Amino acid sequence: MDYHINAPVSKEDAQKLKAGDYVYLTGTIYTARDAAHKRMKETLDKNENLPFNIKGNVIYYMGPSPAREGRPIGSAGPTTASRMDRYTPQLLDLGLGAMIGKGKRSKEVIESIVKNQSVYFAAVGGAGALLSKCILSSEVIAYEDLGTEAIRCLEIKEFPVIVVIDSKGNNLYESAPAQFREE
Amino acid sequence: MIRTIRAEEITKNIKEMCIEANHILSKDMEEVFLQSAEKEKSALGKQILCQLKENLDIAREDMIPICQDTGMAVIFLKIGQDLHIEGSSLADAVNQGVKEGYIEGYLRKSVVEPIERINTKDNTPAVIHYEIVPGDQIDITVAPKGFGSENMSRIFMLKPADGLEGVKESILTAVRDAGPNACPPMVVGVGIGGTFEKCAQMAKHALTRDLNEKPSIPYVRALEEEMLEKINKLGIGPGGLGGTVTVLAVNIETYPTHIAGLPVAINICCHVNRHAHRII
Ligand code: SF4
Numbered sequence: 065m066d067y068h069i070n071a072p073v074s075k076e077d078a079q080k081l082k083a084g085d086y087v088y089l090t091g092t093i094y095t096a097r098d099a100a101h102k103r104m105k106e107t108l109d110k111n112e113n114l115p116f117n118i119k120g121n122v123i124y125y126m127g128p129s130p131a132r133e134g135r136p137i138g139s140a141g142p143t144t145a146s147r148m149d150r151y152t153p154q155l156l157d158l159g160l161g162a163m164i165g166k167g168k169r170s171k172e173v174i175e176s177i178v179k180n181q182s183v184y185f186a187a188v189g190g191a192g193a194l195l196s197k198c199i200l201s202s203e204v205i206a207y208e209d210l211g212t213e214a215i216r217c218l219e220i221k222e223f224p225v226i227v228v229i230d231s232k233g234n235n236l237y238e239s240a241p242a243q244f245r246e247e
Numbered sequence: 019m020i021r022t023i024r025a026e027e028i029t030k031n032i033k034e035m036c037i038e039a040n041h042i043l044s045k046d047m048e049e050v051f052l053q054s055a056e057k058e059k060s061a062l063g064k065q066i067l068c069q070l071k072e073n074l075d076i077a078r079e080d081m082i083p084i085c086q087d088t089g090m091a092v093i094f095l096k097i098g099q100d101l102h103i104e105g106s107s108l109a110d111a112v113n114q115g116v117k118e119g120y121i122e123g124y125l126r127k128s129v130v131e132p133i134e135r136i137n138t139k140d141n142t143p144a145v146i147h148y149e150i151v152p153g154d155q156i157d158i159t160v161a162p163k164g165f166g167s168e169n170m171s172r173i174f175m176l177k178p179a180d181g182l183e184g185v186k187e188s189i190l191t192a193v194r195d196a197g198p199n200a201c202p203p204m205v206v207g208v209g210i211g212g213t214f215e216k217c218a219q220m221a222k223h224a225l226t227r228d229l230n231e232k233p234s235i236p237y238v239r240a241l242e243e244e245m246l247e248k249i250n251k252l253g254i255g256p257g258g259l260g261g262t263v264t265v266l267a268v269n270i271e272t273y274p275t276h277i278a279g280l281p282v283a284i285n286i287c288c289h290v291n292r293h294a295h296r297i298i
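Heads up: the sequence lines are chains L and G, in that order.
Numbering-wise (the working numbering), the first sequence opens with residue 65 and increments by one.
Numbering-wise (the working numbering), the second sequence opens with residue 19 and increments by one.
What follows is the structure, given as structure tokens:
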């Protein structure tokens, strides 16, 4: 199925999506990768507030290349999600709505996605120029000193993603290759 | 006769090559992309390959890097023994070129101190491989390497008794484990033989080979063809979302090794297999 849905992602939307669905996302999302996740964890450990309200919001694992003059952002494709796995269940428990990245997730993350009725999307890895065309604006909202790893708030329009792990725990990375395997 | 060139000339070329490599894939890579889209049996896989082709066009026309991970700059230098470089040290000249290319070319600065993780802010230092060869020219290859795929690379110190079958199994293991993380379709560089570091370096160098050139040793050529076929039967597919195009090319280099060993290195690269080449 193809869907056009809004970000932040509502629970109803997250629950209706199935692994393999093609989704065009429009709205507001936040970027965070390795260093920003480490900082967010430290913030939570100190009982302080995260730099943005995580409830229902979407984190995009991405660190862009610098923007040329007159453009909102440079190349902007997904980075490998598994490096964030150790931080993710805690964020899901706090209400993280969905994630966009590429690559496999740990068993703990998949269980937490099911428990919290969230969803993991993949964007096409290595299509950063193409994906940047769906980003209307980008603003650093926290951890500016981290450079490309700072947290950015992005306005996106019809940003193409594929549901890889749905709220029932179906995993397209397992099911789809199996159909084409000839070992 | 000794020929003399200025270090600044090397800097200028490296700078341009860093920018070029990150925006334009070599012709042979583009060709293999087009062929692969025709071969892909999965509808979603075909769609992804078409998006990747479109991504290459946008990158070239709008000067947006093909991928936001503009890599760590890996540089192969073949220096003619009759060439004299005047001015700064060669390593400084190369790093200056990387710095200027990454800053002026709007490329991402992804290089950090390994433990303290402090960013060097200009993507230096580069990883430079030097080779001294006959002649009075310098042959430069700039190969920016992304780490989604670099992280999935492997080295196996096999036993001689493991033989060719062991080599095949090692390559399949590395690719299977890499799966969607390495942004398939991949290009796989393999080094067989030498020592621990030699086979790793061959695996990296193999990624820079023009895909239209085939190895001269018959068994290496056959192995490349067999591995291409076997990997594409793993089903991983474009984006790791299932399909018959998992790998675009398998490039293998070999070197004699010790009677007690059989080192095999597999350097995984994504479809953004970048390399710019010039001879000065
Ligand atoms: S593995 Fe390659 S295509 Fe994927 S994000 Fe890294 S550099 Fe880009």
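Quick reminder that beta carbons are idealized off the backbone N, C-alpha and C, glycines included.
As the structure is a computational prediction, the values presented were derived from the model and not from experiment.
Check: Would you report the Cα separation of SER107/G and CYS36/G, rounded to the nearest angstrom?; Outcome: 19 Å
Check: Looking at C-beta atoms only, is the number of pairs between the stretch 178 to 187 of chain L and the stretch 183 to 195 of chain G that lie closer than 8 Å three or more?; Outcome: no
Check: With 8 Å set as the bound, which would you pick, yes or no: does the beta-carbon of ARG172/G sit closer than that to a beta-carbon of chain L?; Outcome: no
Check: Which value, in whole angstroms, describes the spacing of the CA atoms of MET175/G and ALA218/G?; Outcome: 11 Å
Check: Kindly say whether ARG21/G, judged by its beta-carbon, lies nearer than 8 Å to any beta-carbon of chain L.; Outcome: no
Check: Which residues of the stretch 228 to 256 of chain G have a Cβ closer than 7 Å to any Cβ of chain L? Give them in chain order.; Outcome: LYS251, LEU252, GLY253, ILE254 and GLY255
Check: Give the straight-line distance between the Cα atoms of ALA55/G and LEU67/G, rounded to the nearest whole angstrom.; Outcome: 6 Å
Check: Short of 7 Å Cβ to Cβ, which residues in the stretch 192 to 214 of chain G face chain L?; Outcome: GLY197, PRO198, ASN199 and CYS201
Check: Quick check on this structure: which residue in ALA214/L, ILE215/L, ILE199/L and GLU203/L has the alpha carbon closest to the alpha carbon of LEU89/L?; Outcome: ILE199/L
Check: How many Å lie between SER231/L and GLU76/L at the Cα?; Outcome: 11 Å
Check: Short of 9 Å Cβ to Cβ, which residues in the stretch 218 to 247 of chain L face chain G?; Outcome: PRO224, ILE226, VAL228, LEU236, TYR237, SER239, ALA240, PRO241, ALA242, GLN243, PHE244, ARG245, GLU246 and GLU247
Check: Using DSSP with H/G/I as helix, E/B as strand and the rest coil, what is HIS147/G?; Outcome: strand
Check: Grab the span of the alpha helix (DSSP H) containing MET220/G for me, first residue to last.; Outcome: 214 to 224
Check: Give me the Cα-Cα distance between LYS171/L and ASP110/G, rounded to the nearest whole angstrom.; Outcome: 46 Å
Check: I want to see whether chain G comes within less than 8 Å of LEU194/L, judged by CB atoms only; does it?; Outcome: yes
Check: Compare the C-beta of HIS293/G with all C-beta atoms of chain L and state if any pair is closer than 8 Å.; Outcome: no
Check: Chain G beta carbons: is any one of them nearer than 8 Å to that of ALA186/L?; Outcome: yes
Check: Sorted by chain position, which residues of the same chain lie with C-beta nearer than 6 Å to TYR151/L's C-beta, five sequence neighbours on each side aside?; Outcome: HIS101 and LYS105
Check: For LYS82/L and chain G, any beta-carbon pair shorter than 8 Å?; Outcome: no
Check: Whose CA, out of HIS223/G, GLY166/G, LEU182/G and LEU95/G, lies closest to the CA of PRO203/G?; Outcome: GLY166/G
Check: Among ILE158/G, VAL116/G and LYS177/G, which one has its Cα closest to the Cα of THR138/G?; Outcome: VAL116/G
Check: Pull every residue with its beta-carbon under 5 Å away from any heavy atom of ligand 1, and keep them in chain order.; Outcome: GLY189/L, GLY190/L, CYS85/G, ASP87/G, GLY164/G, GLY166/G, SER167/G, CYS201/G, CYS288/G and VAL290/G
Check: Quick check on this structure: which residue in MET90/G, ILE286/G, ILE42/G and ILE136/G has the alpha carbon closest to the alpha carbon of ILE76/G?; Outcome: ILE42/G
Check: Taking CB distances under 8 Å as the criterion, tell me whether THR152/L reaches chain G.; Outcome: no
Check: How far does the alpha helix (DSSP H) with GLU38/G in it extend, from its first residue to its last?; Outcome: 25 to 41
Check: Tell me which residues of the stretch 75 to 88 of chain G have at least one Cβ-Cβ distance to chain L shorter than 8 Å, keeping chain order.; Outcome: ILE76, ALA77, ASP80, MET81, ILE82, PRO83, ILE84, CYS85, GLN86, ASP87 and THR88
Check: Where do the ends of the alpha helix (DSSP H) carrying TYR125/L lie?; Outcome: Run containing TYR125/L: none; DSSP gives neither H nor E here.
Check: Looking at the strands, I want to know which residues DSSP matches up with ASP66/L.; Outcome: TYR86/L
Check: With a threshold of 6 Å on Cβ separation, who are the neighbours of ASP98/L within its own chain once the five nearest residues in sequence on each side are excluded?; Outcome: ARG147
Check: Taking buried to mean at least 16 other C-beta atoms within 10 Å of its own C-beta, is THR212/L buried or exposed?; Outcome: buried
Check: Between the beta-carbon of MET220/G and the beta-carbon of ALA196/G, is there less than 8 Å?; Outcome: no
Check: Which same chain residues end up closer than 8 Å to GLY260/G when comparing Cβ atoms and leaving out the 5 residues on each side of it in sequence?; Outcome: SER60, LEU62, GLY63, GLY253 and ILE254
Check: Pop quiz: GLN86/G and MET163/L are said to be a contact at Cβ under 8 Å. What is the actual Cβ separation, rounded to whole angstroms?; Outcome: No, GLN86/G and MET163/L are not in contact; Cβ-Cβ is about 17 Å, not under 8 Å.
Check: Can you pull the chain G residues whose beta carbon is under 9 Å from the beta carbon of LYS166/L, in chain order?; Outcome: GLY166, PRO198, ASN199, CYS201, GLY257 and GLY258
Check: Taking C-beta to C-beta, are MET90/G and LYS163/G nearer than 8 Å?; Outcome: yes
Check: Would you mind giving the Cβ-Cβ distance between ILE146/G and GLY138/L, rounded to the nearest angstrom? I have them listed as a contact below 8 Å.; Outcome: ILE146/G to GLY138/L, Cβ: 26 Å. No contact.
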